[in-house]
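Residue numbers (my numbering), protein chains in the order written: chain R, 10 to 225; chain P, 10 to 225.
No residue lacks a Cβ here, since even glycine has one placed at the ideal position from N, Cα and C.
None of the values given here were measured: they were computed from a predicted structure.
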């Protein structure tokens, strides 16, 4: 794998066009893990948009409190997912750095093996946390789809698709890293959790999309 | 629907964080249509990334020509989808401007009705074109998944999920605008095309994701 260090401290401060250029380039990061986090963040942001265009309108006064609670949750989730964009790059860099450690004698080999396992554990935990947040964004998009202002309800449909894409994308990075982990108990727990998150997301996403279509 | 003019000339030149802020805000644009285009562009960018990390490596010399052809296509598609981010905002603004036209007398009412129909036609064509490009990105992601460097194959899986989310999201904006069109022939053709694109995307996406998982 071609490894090139990332110059950009914070991807979120790059322009959208520059981020897309970096994604397309032969640099290994940012890659699919950062893209997953951004899609999740877009999902959370669109839940917020539906809430923000429902709150303060007399016609939707009955759901005002629910929308206020929902936007507080979706904004927390958006901050969390935005932070994941760089966490993914750091986790990848840590794995590459560990593989690059010297392996001249047995002590070096042992230290390198331990560093790789530590880095792989982080590189499993980071996309797993991203997947958890994307699953949470899917759940929030259901409430936005059910109760939001119908004039902007399509944005709840885009929210669920973005969050679902983030979830399935983050899952791929869990699958990759978990396979090389020697801590079988941790690996099994991570595998079980990601499969449960994906299964729940696969069931919920078409339901939420259908709720949106029915309210268009 | 709350309508606020967009100050930003080009969303792609905004930072990722600023775009997410605008998406979450109570401004009607950028909304799900722009998010759909960005997800499609991310899908195309990730196809390019897989190609760029396959090209020039002796181990993958057998697919070098195919990867070079593929990256030329995915980069064209990325440019096209990036341009859609603002086209969606403009189409929305045109619809809002038409609804805002005076309707004092019969001549004004007729002019307003005609302007609304013209704007709705554009607002159907723009997400339909976005959906077409997202469908094309899905097709390209299959070639990346089948032939790309296995070390970065997960990025082909993220590509297909991003493009699929873009397709299903753009479809929602087609469904909304087509419903208010008086040109039944155009509306029917648009409905048929979007349903065919979505059905093909729904069939292809899990297949491509499975190809990726098998190569992880």
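Given a length threshold of 4 residues, each whole run of the alpha helix (DSSP H) inside the stretch 66-126 of chain P is given here in chain order: 73-108.
Chain R has a Cβ within less than 8 Å of the Cβ of residue 22 of chain P. Per the C-alpha coordinates, the member of P:46, P:189, P:39, P:22 positioned closest to residue 172 of chain P is P:46.
Contacts with chain P (Cβ-Cβ distance below 8 Å) from the stretch 86-104 of chain R involve 87, 91, 94, listed in chain order. At least one CB of chain P lies nearer than 8 Å to the CB of residue 166 of chain R. Where residue 30 of chain P is concerned, the enclosing alpha helix (DSSP H) starts and stops at 25-33.
Rounded to whole angstroms, the separation of the alpha carbons of residue 48 of chain P and residue 68 of chain R is 33 Å.
Our two residues, residue 25 of chain P and residue 209 of chain R, have alpha carbons roughly 29 Å apart in a direct line. Straight across, the Cα-Cα distance linking residue 168 of chain R with residue 138 of chain R is about 19 Å. Residue 180 of chain R and residue 95 of chain R have their alpha carbons spaced roughly 17 Å apart.
The three-state reading of DSSP puts residue 177 of chain P in helix, counting H, G and I together. In this structure, DSSP gives residue 206 of chain P a helical state, which the three-state scheme calls helix. Taking the Cβ atoms as the reference, residue 142 of chain R lies roughly 5 Å from residue 89 of chain R, within the contact range of under 8 Å. DSSP, reduced to helix, strand and coil, places residue 19 of chain P outside both helices and strands of the structure shown, so it counts as coil. Put simply, of R:185, R:135, R:214 the residue whose alpha carbon is nearest the alpha carbon of residue 162 of chain P is R:185.
Under the three-state reduction of DSSP, residue 190 of chain P is assigned to coil, being neither helix nor strand.
Residue 187 of chain R and residue 193 of chain R have their alpha carbons spaced roughly 9 Å apart. The closest CA to that of residue 133 of chain R, considering only R:54, R:198, R:219, R:122, is found on R:198. When the five nearest sequence neighbours on each side are left out, the beta carbons in the same chain lying within less than 7 Å of the beta carbon of residue 100 of chain R are those of 131, 132, 135, in order along the chain.
For residue 55 of chain P, the enclosing alpha helix (DSSP H) stretches over residues 41-61. For residue 131 of chain P, the secondary structure class from DSSP, reduced to helix, strand or coil, is helix.
Residue burial annotation: residue 109 of chain R is exposed, with fewer than 16 other C-beta atoms found within 10 angstroms of its C-beta. Straight across, the Cα-Cα distance linking residue 191 of chain R with residue 60 of chain R is about 45 Å. Proximity of residue 68 of chain P to chain R, defined by a Cβ-Cβ separation below 8 Å, is not satisfied.
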